[in-house]
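Peer 1: Just passing along the structure, written as structure tokens.
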Ligand code: SF4
Ligand code: SF4
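In the working numbering, the protein residues as written are 10 to 67.
Below, the structure written as structure tokens:
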């Protein structure tokens, strides 16, 4: 399980980044959220934080 970011939907607000308990989210060079799939534990916290529904857990 890992967070999948829809880069086209992401508006780069950064809300998800601070809520990740393991620090798996960071902003990429284009200012979009990026998930480190190796670090992500699939908790789903970020999914509910995103205001535009750009995150799904798969
Ligand atoms: S699912 Fe949980 S561990 Fe994975 S990126 Fe989102 S908040 Fe972090
Ligand atoms: S909360 Fe959603 S819109 Fe904001 S940076 Fe994260 S993925 Fe992008």
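Ideal placement from N, C-alpha and C gives every residue a C-beta, glycine not left out.
Candidates 63, 56, 45 and 61: which alpha carbon is nearest residue 31's?
Peer 2: Comparing Cα-Cα distances from residue 31 to each of 63, 56, 45 and 61, the minimum goes to 45.
Peer 1: Quick check on the DSSP output: what are the complete beta strand (DSSP E) runs of length 3 or more inside the segment 15-46, in order along the chain?
Peer 2: Taking only runs of at least 3 residues, the beta strand (DSSP E) segments lying wholly in the segment 15-46 are 34-36 and 42-44.
Peer 1: Is residue 12 closer than 9 angstroms to residue 51 when the C-beta atoms are compared?
Peer 2: Yes, they are a contact pair.
Peer 1: Which term fits residue 18, buried or exposed, when burial requires 16 or more other beta carbons within 10 angstroms of its beta carbon?
Peer 2: With fewer than 16 Cβ atoms within 10 Å of its Cβ, residue 18 is classed as exposed.
Peer 1: Taking its Cβ as the centre, do 16 or more other Cβ atoms sit within 10 Å of residue 20, making it buried, or is it exposed?
Peer 2: Answer is exposed; the Cβ neighbour count stays below 16.
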